Amino acid sequence: MSTPSAPIRIVIADDHLVVRTGFAALLDSQPDFTVVETASNGTEAVRVCREKSPDVVLMDIRMPEMDGIEATRRLVGAAPDSGGAPRVLILTTFDLDEYVYDALRAGASGFLLKEATAERLFDAVRVVAAGDALLAPGITRRLISEFALMPARAETAPAPGLQALTARETEVLLLIAEGLSNPEIAARLVVGEETVKTHVSRILTKLGLRDRTQAVIAAYESGLVVPRSRKSE
């Protein structure tokens with residue numbers, strides 16, 4: 254008989270009491286979740302997370318004292334490689350939130366609208382807790398659009414880590430940067446999904462990245478991918 258796995262430990266950080274209470278009630282209804290604490294601002298979120306060591310933090314962006322971006326940066330930056338940092342799932346009211354890009358760069362593993370259904374919320378927490386990245390539909394395309402709007406940096410050169418990638422891994426990274434999912438990459442390359450998962454895992458390991466969201470950012474910031482709007486410049 255297998256031993257039941259420990260529940261996913263969750264901290265909810267939001268400056269609105271109704272939001273914190275509502276999400277806590279929803280998440281505690283699931284047998285594989287346990288909400289260990291809530292926080293009303295970024296400063297409190299960082300303190301609580303260091304005390305409670307949650308697996309996942311539901312992090313609002315706009316909060317007093319310290320916003321969710323800085324809180325995410327401090328939490329993820331505290332233990333980027335040891336696996337000790339919690340996974341951060343950004344919660345926001347607006348799909349066009351101008352801070353989404355900054356939050357993802359700070360180390361967030363996912364992005365979800367507050368209006369998402371309960372089932373979508375549950376799935377998001379489980380996906381992020383498992384170590385995968387999660388972006389709401391269209392966010393990857395918006396992330397790419399942000400790069401297209403940023404000034405080109407003439408001094409940018411491919412990061413040294415990219416040289417460690419095989420030709421196939423580089424191809425997979427390019428497809429990740431296009432916003433393709435593992436099944437879509439498998440179909441494009443005519444390989445099995447497990448093969449794609451292996452490539453993605455190796456890419457993240459070689460580049461020292463936490464998840465595919467960070468891989469998208471790395472592909473653009475390293476100069477490996479040039480947004481279409483710049484190619485004609």
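Residue numbers for the sequence shown follow this note's numbering, so the first one is 254 and each next one is one higher. All C-beta atoms in this analysis are idealised placements derived from N, C-alpha and C, irrespective of residue type, glycine included. All of these numbers come straight from a predicted model, not from anything done at the bench.
Inset, instruction - Over the uninterrupted beta strand (DSSP E) stretch that includes I263, give me the two end residues. - result: I261 to A266
Legend entry - Three-state class that DSSP yields for T287 in the structure shown: strand
Legend entry - Rounded C-alpha distance that separates A292 from T370: Cα-Cα distance, rounded: 22 Å.
Inset, instruction - Figure out for me which residue from A377, R303 and A278 has the closest Cα to the Cα of A338. - result: R303
Legend entry - Residues of its chain near I470, where Cβ-Cβ distance is below 7 Å and the 5 sequence neighbours each way are ignored: Once the five neighbours on either side are set aside, the close Cβ partners of I470 are L357 and R358.
Legend entry - As assigned by DSSP and simplified to three states, the class of D281: helix
Inset, instruction - Going by CA-CA distance only, name the one from G321, R379 and S362 that's closest to L280. - result: R379
Inset, instruction - Report yes if the CB atom of T345 is closer than 8 Å to the CB atom of I314, and no otherwise. - result: With a cutoff of 8 Å on beta-carbon distance, T345 and I314 are scored as near each other.
Inset, instruction - Give me the Cα-Cα distance between L418 and S454, rounded to the nearest whole angstrom. - result: Here the C-alpha atom of L418 lies approximately 12 Å from the C-alpha atom of S454.
Legend entry - A410, DSSP secondary structure in three states: Because the pLDDT at A410 is just 47, under 50, the model does not fix this residue reliably, and the value given afterwards should be weighed accordingly. The answer is coil: DSSP assigns A410 none of H, G, I, E or B.
Legend entry - For F375 and A259, the rounded distance between their alpha carbons: Their Cα atoms are separated by approximately 16 Å.
Inset, instruction - From the DSSP output, in three-state form, read off R273 for me. - result: helix
Legend entry - Boundaries of the beta strand (DSSP E) in which R340 is found, first to last residue: R340 -> beta strand (DSSP E) spans R340 to T345.
Legend entry - From I429, D320 and R373, residue whose alpha carbon lies closest to that of H452: Nearest C-alpha to H452: I429.
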